[in-house]
Structure formats: structure tokens, C-alpha cells
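This report refers to the structure that appears directly beneath it.
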Amino acid sequence: MPICFDLDGTLGHFGGGYVLLRQALGRLWGGVPTEPELRACTGSTDWEIIGQLHANRFGAPMDEAAYAHYEAACLGAFEAAFTPAQPAPVAFPGLLAAVTALADAGHPIWVVSGNAPRVLAFKAERLGIDPRARRLGSLPTLDRAGLLRQAMRGCPGPHLYLGDRPHDRQAADAAGLPFIGVGDAVPGDHPRLTPEAEAAEVVAAVLRVMARSAGSPG
Ligand SMILES: [Mg+2]
11 MPICFDLDGT LGHFGGGYVL LRQALGRLWG GVPTEPELRA CTGSTDWEII
61 GQLHANRFGA PMDEAAYAHY EAACLGAFEA AFTPAQPAPV AFPGLLAAVT
111 ALADAGHPIW VVSGNAPRVL AFKAERLGID PRARRLGSLP TLDRAGLLRQ
161 AMRGCPGPHL YLGDRPHDRQ AADAAGLPFI GVGDAVPGDH PRLTPEAEAA
211 EVVAAVLRVM ARSAGSPG
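Under our numbering, the first residue of the sequence shown carries the number 11, and numbering increases by one thereafter.
So this is what it looks like as C-alpha cells:
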């Protein structure tokens, strides 16, 4: 019964990450995507977003080799910006401690994120996410709901997704998972936690939702 967490905005954040993504694309493609181009992107994973920007710029779909080039450039930008000597990303300590507590209790944990896999690995390490949490970053052809389905594959329910954005709730709905919102940016009737929530509060909310979900038909 995987408990899946989004990363950015759910377990912490890398303030200037968006700027770094644009800079990486600028170096790679010889031009930075404009704000309107970025705003026009639908989807919430790097495969989807970078694919749309690639199609806009080059008039052709992005292939896996081009995605790998983007991933390497983006990872390089993050490694350069977030060295051990420079300011650390902002961690949400209660949520991170809850990941550890839930792993201690034997729950399978996944970090399911729209970041390309190597960027996700870098961020997970820099945020200090418990290494028992398996990481599933943005893979070719999959949207976020597809990533959630992949994390759930072969595991009995109940499952759960915690995220901070409307696209997280939409993906949970599409994949048939209950949802907990972190922060107040996601409209809907799901339970909510603040980024400042303490670990015990997070664990209690997770167990409550999973117990309710285990007891409901279907
Ligand atoms: Mg997020």
C-alpha cells in the first residue's frame, strides 16, 4: 500500500528551481522559453512540459535522447546552484520526519514527482528525504497519473497521494487514489496539512485517510 508524496512544495522546495529550468533550456536550445510559453504548457511532468516547449521551438516532438539532454542540463543547473556551501533548499521537517516514521512502521513510501529522475534524485538527497522512500520521476510517455499507477503496480491498496498543487489532486483522482493537500492551493474537499505540520499530525492524517479508504467499497 504505497503512500506517495509529491516533492516540490510537499516535502520542501528549491526556491529558484523554475528559473534554473529556464536557464538550462536556454543553454541547451539557444533561447529561454518565454513566460507565456511556459504558462501555455499543460501537464505537470518534465516529460510533458519540456516536450511541449520542444515542440513549440523545433516543430517536432521531443524524443528520449532530447529528454536525456534536458535532464543532464537541468541537473547541472541544480548542482551548480545548490552546492553544499550555498543556501540549502527549504525543508518541511514535519513532513520529512513523517516519511521516516511511516517507513519505520513498514509502509512502502514513494516520492512521485514531475522532476526528471536524476533531478529528483538530487533534490531528494539535498532535502534529506529518507532513502527508504523510492523515487519515481518523470518518465517518457507518462503523465503524473501514469506515474502514480506505476508506483501502485503490484502493490495491494489502499494507496494515497500527498501533494500541493491542483494537478496533484487531478492525478490522484485519475489514478483512483485518495488525496491529502499540503498547503491551501488545492481546491476540494480532501484533508489538508500545512507545510509546518508536525510529524505526528501528518502520520495521523495519513493513517486516517488510509483506514477510511480501506473500509470503503472499491
Ligand atoms: Mg508540488
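Even for Gly, the Cβ is constructed at its ideal location relative to N, Cα and C.
Quick caveat: nothing in here was measured; it's all calculated off a predicted structure.
The residue from A131, R136, D114 and A108 with its alpha-carbon nearest to that of A95 is R136. Assigned with DSSP and collapsed to three states, C165 falls in coil, not helix or strand. Contact annotation, A87 with L130: C-beta distance approximately 14 Å; criterion of less than 8 Å not satisfied. Not one heavy atom of ligand 1 is found less than 7 Å from the C-beta of T55.
Any heavy atom of ligand 1 within less than 6 Å of a residue's beta carbon puts that residue on the list, which reads D16, D18, G19, T20, G173, D174 and R175. Listed in chain order, the alpha helix (DSSP H) elements of length 4 or more contained wholly in the segment 52-83 are 56-68. Only exposed fits Y28, as fewer than 16 other CB atoms lie within 10 angstroms of its CB. Shown here, R179 sits in a helix according to DSSP, grouped into three states. Between P201 and V192 a beta carbon distance of about 10 Å is seen, past the 8 Å cut, so the two are scored as non-contacting. A straight-line Cα-Cα distance of about 22 Å links G167 and D140. About 6 Å separates the beta carbons of L203 and A215, which is inside the 8 Å limit, making them a contact pair.
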